[in-house]
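Asker:
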Amino acid sequence: MTSTPAVPAMGTKDTGEDTTVQPPIARRVKQRLTSRGATIAAVIIAVIWTVPTLGLFISSFRPEENINQNGWWNVLSNFEFTLDNYADVLISGGSQSPNLGQYFINSLAIVIPATLIPLVIASMAAYIFAWSSFRGKDTLFVFIFALQIIPLQMALIPLLTLFVNLKIGEFELLPSGSYAQLWIAHTIFALPLAIFLLHNFIAEIPGEVIEAARVDGAGHATIFWRIIIPLSVPALASYAIFQFLWVWNDLLVALVFSGGTGDVAPITQRLAELTGTRGGEWHRLTAGAFVSMIVPLLVFFGLQRYFVRGLLAGGLKG
Amino acid sequence: MEDLGEKFLQVVIAMAIFAAVIGIIMLLVDRAPKSFRDKATIIGFLAPAAILLIVGMVWPALQTTFLAFTDRDGNLTGLDNFIWMFTEPTALVTLRNTVLWVILVPTISTVIGLVYAVFIDKAHGERVLKALVFMPMAISMVGAGIIWNFMYAYRGVEQEQIGLVNQILVWFGGEPRQFLLEAPGNTFFLIAVMVWIQVGFAMVILSAAIKGIPADIVEASRLDGATAWQQFRSITIPSIRGALVVVITTITIITLKVFDIVRTMTAGNYDTSVIANEMYTQAFRANEPGRGAALALILFLMVLPVVIYNARVLKKQKEIR
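Order-wise, the sequence lines are chains A and B. Read the first sequence against this note's numbering and you will find it ends at 318, with the numbers running on by one and no gaps. Read the second sequence against this note's numbering and you will find it ends at 639, with the numbers running on by one and no gaps.
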């Protein structure tokens, strides 16, 4: 995406060893020695950064009594492997169970519309800002860009009040404890950044393409759906992945707009709740945390390049 | 799972309604009389975003600003909420913690991220080493909170430890500690979690900036006999100054708004609250919307200069390119 800071995506410039000019042999040896020390230091940092997650991951497959008996680093001395923890958090019924399966579904039900809706609305606005002219256009665009500085927190209280009071007669348009509040809240908070990023991309589309379509008699709607959207797929994908992960990992919006029941609450909210009320049940928390992490990790390892791009662009969101 | 179908149906219906609304807009725009068509397009395409932003963001932000000067019954009380914030001991602890977070997280994350980026530059397995440190960025802060709760887990002296940090303490002859309960140390242990997350961000951006340094400058300094440290100080740091500023300011903004870690790990108890958490607690738990709004306003005022500075630097960088 053209708007990101002067930074390419992760992994694109990893050309390995510098082969342009070979330093003299003596210096090369010295260079290698210092870089060996550096590599060892780097590996130590990498280990420190990986061990916490690894420990949780290993523990999630240990039987409950083993987890409580000794640390996960003893796993090899009394090796036992079980999937019970996952079965317990995901599918076992009853009010005592974490029921994470249900919350996982809620997360999916929240995240899909909360990604697609802002994507479409923002693309439409971005198209106008990029390809039409009217008085005050630039001012309006700068204004929308500037909205990014408003923290989420500034909108939460009145927005919740507004949602609750939005009625036609007795009929609540956005009843509390429905997905609708979450979808709309996430859409609103996504728009300033999405419009800005997509505008930067859409504005780069060659004007001749659009002009040619116009000469052929295509209307704006046709141009938008047949030309702008297909040509913007890389930008749309980057932003969609960013927004998807943002919504999936969100806790604050969920806590405020999910209406305090389990009906629509996402998995993050349930996990935060379990940590507070049953912080000692490590067999459940370890497995539960991994259930919630599996989707982001798949996205991360599968779509790393898009992920980094979106992340760089979206550092200011929320 | 019997409600799976119902949930699926809700999503499908919502998307259908949304598609219908967008479809109607497209239809109206295309069928508008020719003289009016361009105007209709502009209005039709901008309206959804404009309505949502005005109703859902601009107007609420103004209302919050007003709310900040009212009490829980909605009466105007002038600066009472701000006086509370700057005099009440618990509120002062919140402010102090926020300052600690904002100073420590960006600096420590950036330093570690930079060191790591330099060390792994052109190393074997660079991509894997990067992915390992970057991975915490992908997971939720709730997940990170659970991971670190487990690292900090406490068992009495007579028992075997199950938390790695306490086990290491014990291995070195220390006594296990309740890391998250003992103020003021606990704030630092929460800050460590945020550092753990943000180092990956700093590392990725700085690593890319380092790779952007022209090879001939690096080569020339090497031929002049510069040591690794000299190279780092005189070439690497000045060349990536822009990226460093972006990293520090961006992490500062994210840190100011940090909520999930505190909420998940201590819920702000034991003197660990920060502004974003206190805002939620006051507004949605303690039934003090005025105080919550005042905290939100302070948050906004703290973020504002950093964001403006950040945007300026980004713009300048783009112009240079």
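Where a beta carbon is used, it is the ideal one built from N, C-alpha and C, also for glycine.
On the criterion of 16 or more Cβ atoms from any shown chain inside 10 Å, does Y86 (chain A) qualify as buried, or is it exposed?
Answerer: Taking the first sequence and counting its residues from 1, one reaches residue 86 (chain A) at position 86. The residue is buried, with at least 16 neighbouring Cβ atoms inside 10 Å.
Asker: Does any residue of chain B bring its CB to less than 7 Å from the CB of F134 (chain A)?
Answerer: What you label residue 134 (chain A) is simply residue 134 of the first sequence in a count that begins at 1. So yes, F134 (chain A) belongs to the interface.
Asker: Whose C-alpha, out of B:N595, B:Y598, B:A612, B:I566, is nearest the C-alpha of Y627 (chain B)?
Answerer: Reading the second sequence from its first residue, position 309 is the one you call residue 627 (chain B). Selected option, being the one with the closest Cα: B:I566.
Asker: Return no unless some Cβ of chain B is closer than 7 Å to the Cβ of L100 (chain A).
Answerer: Locating residue 100 (chain A) in the first sequence gives position 100, counting from the first residue. It does not: the Cβ of L100 (chain A) has no partner Cβ on chain B nearer than 7 Å.
Asker: Is there a C-beta anywhere in chain B that falls below 7 Å from the one on L173 (chain A)?
Answerer: Position 173 of the first sequence, counting from 1, holds the residue named residue 173 (chain A). No, no contact with chain B.
Asker: Using a Cβ cut-off of 7 Å, pull out every chain A residue sitting near V420 (chain B), in sequence order please.
Answerer: Taking the second sequence and counting its residues from 1, one reaches residue 420 (chain B) at position 102. Here the premise fails: no neighbours, minimum Cβ distance about 14 Å.
Asker: Which residues share a DSSP beta bridge with T388 (chain B)?
Answerer: The sequence position of residue 388 (chain B) within the second sequence is 70, counting from 1. Partner(s): B:L394.
Asker: Buried or exposed: which applies to L619 (chain B), given that a residue is buried once 16 or more other Cβ atoms fall within 10 Å of its Cβ?
Answerer: For this step, residue 619 (chain B) is matched to residue 301 along the second sequence. By the neighbour-count rule (16 or more Cβ atoms within 10 Å), L619 (chain B) is not buried but exposed.
Asker: Given a cut-off of 7 Å, decide if I188 (chain A) and L370 (chain B) are closer than it, judged by their beta-carbon atoms.
Answerer: Reading the second sequence from its first residue, position 52 is the one you call residue 370 (chain B). Reading the first sequence from its first residue, position 188 is the one you call residue 188 (chain A). Yes. Within cutoff.
Asker: From P319 (chain A) to I227 (chain A), what does the alpha carbon distance come to, in whole angstroms?
Answerer: A query on residue 319 (chain A) cannot be resolved here, the shown segment of chain A reaching from 1 to 318 and no further.
Asker: Please state the DSSP three-state secondary structure of A462 (chain B).
Answerer: Reading the second sequence from its first residue, position 144 is the one you call residue 462 (chain B). If DSSP states are grouped into helix, strand and coil, A462 (chain B) belongs with the helices.
Asker: Quick test of your reading: G288 (chain A) and V89 (chain A), contact by CB under 8 Å. State the CB separation rounded to the nearest angstrom.
Answerer: For the purposes of this step, residue 288 (chain A) is identified with residue 288 of the first sequence, where counting begins at 1. For the purposes of this step, residue 89 (chain A) is identified with residue 89 of the first sequence, where counting begins at 1. That belief holds up - the Cβ atoms of G288 (chain A) and V89 (chain A) are roughly 5 Å apart, short of 8 Å.
Asker: Counting contacts by CB-CB distance shorter than 7 Å, is D578 (chain B) in contact with chain A?
Answerer: The residue labelled residue 578 (chain B) in the question sits at position 260 within the second sequence. Chain A, which has a Cβ nearer than 7 Å to the Cβ of D578 (chain B), makes this yes.
Asker: Check K575 (chain B) in the structure and name its three-state DSSP category.
Answerer: Locating residue 575 (chain B) in the second sequence gives position 257, counting from the first residue. In this structure, K575 (chain B) counts as coil in the three-state DSSP scheme.
Asker: Could you say which of B:V376, B:M583, B:F602, B:R390 lies nearest to Y143 (chain A) if we only look at CA atoms?
Answerer: Along the first sequence, read from residue 1 onward, the residue named residue 143 (chain A) stands at position 143. Position check: residue 143 (chain A) holds Phe in this sequence, whereas Tyr was assumed. Ranking B:V376, B:M583, B:F602, B:R390 by Cα distance to F143 (chain A) puts B:V376 first.
Asker: Buried or exposed, going by whether 16 or more other CB atoms sit within 10 Å of the CB of W466 (chain B)?
Answerer: Here the question's residue 466 (chain B) lines up with position 148 in the second sequence. Result: buried.
Asker: For V625 (chain B), collect the residues of the same chain with a Cβ closer than 7 Å to its Cβ; drop the 5 residues on either side in sequence, then sort them by chain order.
Answerer: Locating residue 625 (chain B) in the second sequence gives position 307, where the first residue counts as 1. Excluding residues within five positions, the ones whose Cβ falls inside 7 Å are I571.
Asker: Under 7 Å between C-beta atoms, does G374 (chain B) make it to chain A?
Answerer: Within the second sequence, residue 374 (chain B) is the residue found at index 56, counting from 1. Chain A contact via Cβ: present.
Asker: Pick out whichever of A:N165, A:F104, A:F61 has its Cα sitting closest to the Cα of R270 (chain A).
Answerer: Numbered from 1 along the first sequence, position 270 holds the residue referred to as residue 270 (chain A). That would be A:F104, whose Cα lies nearest to the Cα of R270 (chain A).
Asker: Would you say Q22 (chain A) lies against chain B (beta-carbon separation less than 7 Å)?
Answerer: Position 22 of the first sequence, counted from the start, is the residue given in the question as residue 22 (chain A). The pLDDT assigned to Q22 (chain A) is 47, lower than 50, so where the model puts this residue is not dependable, and the model offers no usable value.
Asker: Can you list the residues of chain A that N415 (chain B) reaches, using a CB-CB cut of under 9 Å?
Answerer: Translated into the one-based positions of the second sequence, residue 415 (chain B) becomes position 97. Going along chain A, no residue has its Cβ under 9 Å from N415 (chain B), so there is no contact; the nearest lies around 16 Å.
Asker: Once the 5 residues before and after I430 (chain B) are set aside, which same chain residues still bring their CB inside 6 Å of it?
Answerer: Here residue 430 (chain B) corresponds to residue number 112 of the second sequence, with the count starting at 1. Within the same chain, I430 (chain B) has close Cβ partners V517.
Asker: Nearest to L331 (chain A) by alpha carbon, out of A:F244, A:L119, A:S258?
Answerer: Residue 331 (chain A) lies beyond the residue range present for chain A, which begins at 1 and ends at 318; the question has no answer from this structure.
Asker: In whole angstroms, give me the CA-to-CA distance for T286 (chain A) and L197 (chain A).
Answerer: Counted from its first residue, the first sequence places residue 286 (chain A) at position 286. Counted from its first residue, the first sequence places residue 197 (chain A) at position 197. Cα to Cα, T286 (chain A) sits roughly 37 Å from L197 (chain A).
Asker: Which of the three DSSP states is assigned to K167 (chain A) in this structure?
Answerer: In the first sequence, residue 167 (chain A) corresponds to position 167, counting from 1. Three-state DSSP puts K167 (chain A) in a strand.
Asker: Beta carbon of G110 (chain A), beta carbon of Y434 (chain B): below 7 Å?
Answerer: Position 110 of the first sequence, counting from 1, holds the residue named residue 110 (chain A). Position 116 of the second sequence, counting from 1, holds the residue named residue 434 (chain B). One point to set straight first is that residue 110 (chain A) is Ile, not Gly, in the sequence displayed. The answer is no: Cβ separation not under 7 Å.
Asker: Determine the closest residue to V631 (chain B) out of B:M459, B:L562, B:L574, with distance taken between C-alpha atoms.
Answerer: Mapped onto the second sequence, residue 631 (chain B) falls at position 313. Nearest of B:M459, B:L562, B:L574 to V631 (chain B), Cα basis: B:L562.
Asker: Note down, in chain order, every chain B residue with its Cβ under 7 Å from the Cβ of Q243 (chain A).
Answerer: As a first step, residue 243 (chain A) must be located in the first sequence, where it is residue number 243. Within 7 Å Cβ-Cβ: nothing; Q243 (chain A) doesn't reach chain B, min ~14 Å.
Asker: Just checking, does the region 574-588 of chain B make contact with the region 385-405 of chain B on the three C-beta pairs under 8 Å criterion?
Answerer: Touching, no.
Asker: Sort A:P175, A:A126, A:I223 by Cα distance to S258 (chain A) and report the nearest one.
Answerer: The residue labelled residue 258 (chain A) in the question sits at position 258 within the first sequence. Nearest of A:P175, A:A126, A:I223 to S258 (chain A), Cα basis: A:P175.
Asker: Between B:Q328, B:L385, B:G443, which has its C-alpha nearest T395 (chain B)'s C-alpha?
Answerer: For this step, residue 395 (chain B) is matched to residue 77 along the second sequence. Ranking the options by Cα distance to T395 (chain B), first place goes to B:L385.
Asker: So T428 (chain B) is in the alpha helix (DSSP H); what residue range does that whole segment cover?
Answerer: Here residue 428 (chain B) refers to the residue found at position 110 of the second sequence. T428 (chain B) -> alpha helix (DSSP H) spans 407-438.
Asker: Measure the Cβ-Cβ separation of V347 (chain B) and G323 (chain B) and say whether it is below 7 Å.
Answerer: Within the second sequence, numbered from 1, the residue matching residue 347 (chain B) stands at position 29. Within the second sequence, numbered from 1, the residue matching residue 323 (chain B) stands at position 5. No, these two residues do not count as a Cβ contact at 7 Å.
Asker: As a quick exercise: from A:R278, A:V295, A:M124, pick the residue whose alpha carbon is nearest that of F468 (chain B).
Answerer: The residue you call residue 468 (chain B) lines up with position 150 of the second sequence. Out of A:R278, A:V295, A:M124, A:R278 has the C-alpha closest to the C-alpha of F468 (chain B).
Asker: For the region 209-289 of chain A, list the alpha helix (DSSP H) runs that are entirely contained and at least 4 residues long, ordered along the chain.
Answerer: Listed in chain order, they are 220-223, 233-249, 252-257, 267-277.
Asker: Between the alpha carbons of Q22 (chain A) and A42 (chain A), how many angstroms are there, rounded?
Answerer: Position 22 of the first sequence, counted from the first residue, corresponds to residue 22 (chain A). Position 42 of the first sequence, counted from the first residue, corresponds to residue 42 (chain A). At Q22 (chain A), the pLDDT of 47 sits below 50, so the modelled position is not reliable; the number obtained from the coordinates is stated separately. When rounded, the distance between both Cα atoms is 25 Å.
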